[in-house]
Amino acid sequence: MHYTHAEEGKVTVCSGQASYDYCLVKNVLPDSETAILPEIGEVSGFEYNTEGQLDFEELFRKIKNGREIKKIGIIGRLIFPSIIYGKLRKVFPDAEIADIDDIHYAQRMLKSKAEIECLKVNWSMVSKMFENVVPEIKTGMTELTVQGMFESEMLNLGAESYVQAFAPMVATGRENSYISMCRNTDRKIAESEIINLAAGVCYEGYNGIICSPLVLGNIPQKIKSAVMCAYDALNHASVLMKPGVTCDVVLNAYTDYLTKYGYIDYCPYGSLHSTGMLECEAPVFSVNNKRTIQENMAICIDAYFKGMEWGSFRVEDCYLITQNGARRMTTYNDKVLPEIFG
65 MHYTHAEEGK
75 VTVCSGQASY
85 DYCLVKNVLP
95 DSETAILPEI
105 GEVSGFEYNT
115 EGQLDFEELF
125 RKIKNGREIK
135 KIGIIGRLIF
145 PSIIYGKLRK
155 VFPDAEIADI
165 DDIHYAQRML
175 KSKAEIECLK
185 VNWSMVSKMF
195 ENVVPEIKTG
205 MTELTVQGMF
215 ESEMLNLGAE
225 SYVQAFAPMV
235 ATGRENSYIS
245 MCRNTDRKIA
255 ESEIINLAAG
265 VCYEGYNGII
275 CSPLVLGNIP
285 QKIKSAVMCA
295 YDALNHASVL
305 MKPGVTCDVV
315 LNAYTDYLTK
325 YGYIDYCPYG
335 SLHSTGMLEC
345 EAPVFSVNNK
355 RTIQENMAIC
365 IDAYFKGMEW
375 GSFRVEDCYL
385 ITQNGARRMT
395 TYNDKVLPEI
405 FG
């Protein structure tokens, strides 16, 4: 967190107690100071006996410094701490407090050259992770074992952590794969059943994700047909993702394709969303909002087939919007799904 100090242009970097030394080392902002604030310390309420702590009410009064503050913008309406908000309102009782989430996400929507370079590392890393881990998955392994394989490999490849949304998900069989977002269990993988793999990596604060189905041993024809339809639907829709095209064109093409081949009843949604500092971040693209696709957007397409008699799965990849259209940046599904299920 950072706040502009009363001195024009000066920044205060706000740290919890345990992170103070880390902030001192990592803060490279010129003409800035680092302050310890207990309100952003341990969420358990752990009390540190630390000298030099600053309360947020004190910080806000230093910022105010006799000036008339008419409008304050906050980011993060879903997670902004009530204790800090209360002190903000106490110090600035007459100021308009404006929600600027939409402005913030609009700024993040189009990626800079530096951001794209970070994302390219993520996309390459998550693709390599799937290439290395999936061939090592065997029947009899538990979901938790496979999760450990993904986490070990991503760190070996240089990731900071798993994607900023969820730990690797290894949903196996009809019942477990039905759950959209799940926690892994000690259930053992069996032959010829659906395995819904979802895993991503975080590097330099940016994220890359792949969702991919897998079946070990003999693959029933019903599963082959469904997976290839999802894969083909993604390809069919992604061709239309070009600068200037409204997203309803892409999404309608996707659902029309599923309708044509008889899978629309198993499609709870056709997901098209931005990605970057979170795996799934605003804006979300829908048929109703008709947002326009623009160059330098990073977008995920998620083909989600849910509730078939044998289970559920996702095919999800990351795309970079170039001036010529969408470029599929995660390569595993494109290489492997036709080989496994074709």
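Going by the working numbering, the sequence shown opens with residue 65, and the numbers climb by one from there.
Ideal Cβ positions, reconstructed from N, Cα and C, are used throughout, including at glycine.
All of these numbers come straight from a predicted model, not from anything done at the bench.
Which runs of the beta strand (DSSP E) spanning at least 3 residues fall entirely within the region 243-320, listed in chain order? 259-267 and 270-278
Take the Cβ of residue 378 as the centre, count every other Cβ of all protein chains shown within 10 Å, and call the residue buried at 16 or more, exposed below. In the sequence shown, counting from the first residue as 1, residue 378 sits at position 314. Burial call: buried.
On the CB-based measure, 16 or more other CB atoms within 10 Å of its CB, does residue 356 come out buried or exposed? By one-based count along the sequence shown, residue 356 stands at place 292. Exposed, by the Cβ-count rule.
Taking 8 angstroms as the cut-off, decide whether the C-beta atoms of residue 226 and residue 213 are in contact. The residue you call residue 226 lines up with position 162 of the sequence shown. The residue you call residue 213 lines up with position 149 of the sequence shown. No, these two residues do not count as a Cβ contact at 8 angstroms.
With C-beta atoms as the reference, is residue 263 less than 8 angstroms away from residue 365? Counting from 1 along the sequence shown, the entry for residue 263 is found at position 199. Counting from 1 along the sequence shown, the entry for residue 365 is found at position 301. No, the pair does not count as a contact, with Cβ atoms beyond the cut-off.
Outcome for residue 385 when other beta-carbon atoms lying within 10 angstroms are tallied against a minimum of 16: Reading the sequence shown from its first residue, position 321 is the one you call residue 385. Buried is the call here.
Rounded to whole angstroms, what's the CA-CA distance from residue 243 to residue 251? Just pull it up for me. Taking the sequence shown and counting its residues from 1, the one referred to as residue 243 is at position 179. Taking the sequence shown and counting its residues from 1, the one referred to as residue 251 is at position 187. Looking at the two C-alpha atoms, the distance is approximately 15 angstroms.
Boundaries of the alpha helix (DSSP H) in which residue 121 is found, first to last residue: Looking up residue 121 in the sequence shown gives position 57. From DSSP, the alpha helix (DSSP H) with residue 121 extends over 120-128.
Would residue 333 be called buried (16 or more neighbouring beta carbons within 10 Å of its own) or exposed? Within the sequence shown, the letter at position 269 stands for residue 333. Classification for residue 333: exposed.
Just to confirm before moving on: does the CB-CB distance between residue 336 and residue 228 stay below 8 angstroms? Here residue 336 corresponds to residue number 272 of the sequence shown, with the count starting at 1. Here residue 228 corresponds to residue number 164 of the sequence shown, with the count starting at 1. Taking 8 angstroms as the Cβ cut-off, residue 336 and residue 228 do not qualify as a contacting pair.
Between which residues of its own chain and residue 371 is the CB-CB distance below 7 angstroms, once the five residues before and five after are set aside? Counting from 1 along the sequence shown, the entry for residue 371 is found at position 307. Correct list, in chain order: 242 and 330.
Beta-carbon separation (whole angstroms), residue 222 vs residue 267, contact threshold 8 angstroms: Counting from one through the sequence shown, the residue named residue 222 turns up at place 158. Counting from one through the sequence shown, the residue named residue 267 turns up at place 203. With 8 angstroms as the limit, residue 222 and residue 267 qualify as a contact, their Cβ atoms being about 7 angstroms apart.
How many Å lie between residue 340 and residue 393 at the Cα? Along the sequence shown, read from residue 1 onward, the residue named residue 340 stands at position 276. Along the sequence shown, read from residue 1 onward, the residue named residue 393 stands at position 329. The straight-line gap from Cα to Cα measures roughly 13 angstroms.
According to DSSP, residues forming a beta bridge with residue 163: Locating residue 163 in the sequence shown gives position 99, where the first residue counts as 1. Beta-bridge pairing links residue 163 to 138.
Who pairs with residue 234 in a beta bridge, going by DSSP? On the sequence shown, position 170 is the one that residue 234 refers to. In DSSP, residue 234 forms a bridge with 261.
Beta-carbon spacing of residue 401, residue 272 below 8 angstroms: As a first step, residue 401 is located in the sequence shown; it is residue number 337 there, counting from the start. As a first step, residue 272 is located in the sequence shown; it is residue number 208 there, counting from the start. With respect to the 8 angstroms criterion, residue 401 and residue 272 are not classified as neighbours on the basis of their beta carbons.
Could you say which of 113, 308, 298 and 306 lies nearest to residue 317 if we only look at CA atoms? As a first step, residue 317 must be located in the sequence shown, where it is residue number 253. Ranking the options by Cα distance to residue 317, first place goes to 298.
Measure the C-alpha to C-alpha separation of residue 65 and residue 77 and round it to an integer number of angstroms. Sequence index remark: in the sequence shown, residue 65 carries index 1 (1-based). Sequence index remark: in the sequence shown, residue 77 carries index 13 (1-based). At residue 65 the pLDDT is 44, less than 50, meaning the model places this residue with poor confidence; the figure from the coordinates comes in the next sentence. When rounded, the distance between both Cα atoms is 6 angstroms.
Would residue 164 and residue 139 be called neighbours here (beta carbons separated by less than 8 angstroms)? For the purposes of this step, residue 164 is taken as residue 100 along the sequence shown, with counting starting at 1. For the purposes of this step, residue 139 is taken as residue 75 along the sequence shown, with counting starting at 1. The answer is yes: Cβ separation under 8 angstroms.
Is residue 145 helix, strand or coil by DSSP? Residue 145 sits at position 81 when you count from the first residue of the sequence shown. Three-state DSSP puts residue 145 in coil, outside helix and strand.
Expected contact under 8 angstroms - CB spacing of residue 369 and residue 254 to nearest Å: The residue given as residue 369 occupies position 305 in the sequence shown. The residue given as residue 254 occupies position 190 in the sequence shown. So it is not a contact: roughly 20 angstroms between Cβ atoms.
Hey, quick one: how far does the alpha helix (DSSP H) through residue 190 stretch, first residue to last? If you number the sequence shown from 1, residue 190 lands on position 126. Segment 177-197, the alpha helix (DSSP H) holding residue 190.
Which residues share a DSSP beta bridge with residue 117? As a first step, residue 117 must be located in the sequence shown, where it is residue number 53. Note: residue 117 sits in a beta bridge opposite 100.
Considering only residues of the same chain and omitting the five flanking positions on each side of residue 338, which have a CB-CB separation below 7 angstroms? What you label residue 338 is simply residue 274 of the sequence shown in a count that begins at 1. For residue 338, where only same-chain residues beyond five positions count, the Cβ hits under 7 angstroms are 173, 345, 346, 347, 361, 362 and 363.
Local Cβ density within 10 Å of residue 388, reported as buried at 16 or more and exposed below that: Taking the first residue of the sequence shown as 1, we reach residue 388 at position 324. By the 10 Å Cβ count, residue 388 comes out exposed.
According to DSSP, is residue 363 helix, strand or coil? The residue you call residue 363 lines up with position 299 of the sequence shown. Residue 363: strand per DSSP, three-state reduction.
What are the boundary residues of the beta strand (DSSP E) that residue 336 is part of? Here the question's residue 336 lines up with position 272 in the sequence shown. Per DSSP, residue 336 belongs to the beta strand (DSSP E) from 334-338.
Less than 7 angstroms between C-beta atoms, sequence neighbours within five positions excluded: which residues of the same chain meet that for residue 307? By 1-based counting over the sequence shown, the position of residue 307 is 243. Here the set comprises 357, 358, 359, 385 and 387.
Pick helix, strand or coil for residue 328, following the three-state DSSP scheme. Position 264 of the sequence shown, counted from the start, is the residue given in the question as residue 328. The three-state secondary structure of residue 328, taken from DSSP, is helix.
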